[in-house]
Amino acid sequence: MKIKLNIKSIITAEKLLGKSFGQFNLEDTEQWLVLSYAMVVSNNEETFTLDTFRKLTKNKRMMSEIIQGIKKEIEYIEQYKGKEEVKTDGQSDISITEVAGMMIANGIEPAFVYEMRTTEITDILQAIEDR
């Protein structure tokens with residue numbers, strides 16, 4: 085099972101939670117569960133509902149696999165922490181959905197955008213701004 089925090093998974097979670105990624109509260113069990121679901125369902129061929137995911141998390145082996153995958157993903161992202169300057173120009177509430185749409189509108193292939201990790205966003209936005 086692939087578990088990845090990429091643009092595609094964040095957009096899925098934003099749509100399910102009805103809020104931008106910056107507003108997520110991952111101390112809230114429901115929001116954490118929705119993001120976890122999005123990280124799984126957005127990166128695997130098999131499609132299933134959030135309710136099915138809830139049932140899967142009751143299986144100890146499955147939950148352990150999901151937690152390990154999320155832990156690896158967080159460790160990957162953590163290595164970039166503090167190494168990127170993020171400029172928001174007062175737009176602290178912009179959604180990843182909007183950012184992805186802007187990148188696509190600027191000619192970046194949608195498939196590439198959706199597979200991007202959060203650590204790549206700053207570089208792409210800077211390149212668009214520098215054009």
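Everything in the sequence shown is counted per the working numbering, starting at 85 for the first residue and increasing by one.
Don't be surprised by glycine CBs; every beta carbon is placed ideally from N, CA and C.
Query raised in the report: How would you label Glu111, buried or exposed, when you count the other beta carbons within 10 angstroms and need 16 or more for buried?
Result: exposed
Query raised in the report: In terms of residues, what are the limits of the alpha helix (DSSP H) holding Gln152?
Result: 144-162
Query raised in the report: Which residues mark the beginning and the end of the alpha helix (DSSP H) in which Met186 is found?
Result: 180-189
**Report entry** Touch test, the region 178-195 against the region 96-111, Cβ-Cβ under 8 angstroms, three pairs minimum
**Finding:** yes
Report task. With a 10 Å radius around its C-beta and 16 neighbouring C-beta atoms as the bar for buried, classify Met85 as buried or exposed. Result -> exposed
Report task. Can you check DSSP and say which residues form a bridge with Asn90? Result -> Arg201
Query raised in the report: According to DSSP, is Thr113 helix, strand or coil?
Result: helix
Requested in this report: Would you please state the rounded distance, in angstroms, between the beta carbons of Thr131 and Val125? I believe it to be under 8 angstroms.
Outcome: 7 angstroms
Query raised in the report: Is the Cβ-Cβ distance between Thr202 and Leu100 less than 8 angstroms?
Result: no
Report task. Quick one: grab the DSSP three-state call for Ile102. Result -> Looking at the sequence provided, one finds Gly at residue 102 rather than Ile. DSSP places Gly102 in coil when its eight states are reduced to three.
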